[in-house]
Amino acid sequence: MSATENIDPKILEKMEKFAENYAKKCGLVVNPNREAAEAVIKGLAAHVQELGKPLCPCNFYPDKKEEVKLRRWICPCDEMQMFKYCHCLLFTTPEGLPVTEYLPPWHEGRQIYGEVKDPAPDKCRALARFDKILEYLKEYVKEHGLDIPEEELIKWAEKIAKKK
Ligand code: SF4
0 MSATENIDPK ILEKMEKFAE NYAKKCGLVV NPNREAAEAV IKGLAAHVQE LGKPLCPCNF
60 YPDKKEEVKL RRWICPCDEM QMFKYCHCLL FTTPEGLPVT EYLPPWHEGR QIYGEVKDPA
120 PDKCRALARF DKILEYLKEY VKEHGLDIPE EELIKWAEKI AKKK
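What follows is the structure, given as structure tokens:
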């Protein structure tokens, strides 16, 4: 039996509300493809039940408990809070696409979906600080074995950091 078949309905309901509220707060929507949205919401709820936190269900983790301690993939994850990019496709534009305009052109999100503009640029991205973004980009190029000069990472981080 899969972990998502025994979810406490109260947790599921809580995660559904969270998704609706967070999408609204950010000027996005919960993916209009209900099936896709429900699969992610169930995955988040299963992690709340198992780990006490809504760990993103769209990644593989060698050790989920250790991952929870790092906090970077607790929904809304760091990518969402920096780039407004939800690779699970839970938070999307009304067309069902993830926002990608803050991702650098060599990021997989940009490569898959092209440039998708943020319909509400004044909302969310609470972690879009220069230092946080630069740290993320450095880690990303390292993990993906990309040969991108550091000046380019700095330029991109400066470009998309939220101005105070
Ligand atoms: S990608 Fe981020 S925002 Fe989207 S469901 Fe996963 S944790 Fe949440």
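Position one of the sequence shown corresponds to residue 0 (numbering that gives the first Met the number 0), numbered consecutively onward. Glycine is no exception: its CB is placed at the ideal position from the N, C-alpha and C atoms.
DSSP places L27 outside any alpha helix (DSSP H), giving it a letter other than H or E.
For Y112, the enclosing alpha helix (DSSP H) has its first and last residue at 107-112. By the neighbour-count criterion, in which 16 or more other beta carbons inside 10 Å mark a residue as buried, L27 falls on the buried side. Taking all protein chains shown into account, I132 has 16 or more neighbouring C-beta atoms within 10 Å of its C-beta and is therefore buried.
When distances are taken from the beta-carbon of F82 to the heavy atoms of ligand 1, even the shortest one reaches 7 Å or more. Between R71 and P31, the alpha-carbon positions lie close to 26 Å from each other. With contacts defined by Cβ atoms closer than 8 Å, P97 and Y21 do not form a contacting pair. By the Cβ-count criterion, L69 is exposed, with fewer than 16 other Cβ atoms from all chains shown falling within 10 Å of its own Cβ. Each residue's CA atom was taken as its position, placing I153 and R109 some 18 Å apart.
Secondary structure at I10: helix, using DSSP grouped into helix, strand and coil.
Judged by pairs of C-beta atoms under 8 Å, the region 80-92 touches the region 123-139, as three or more such pairs exist.
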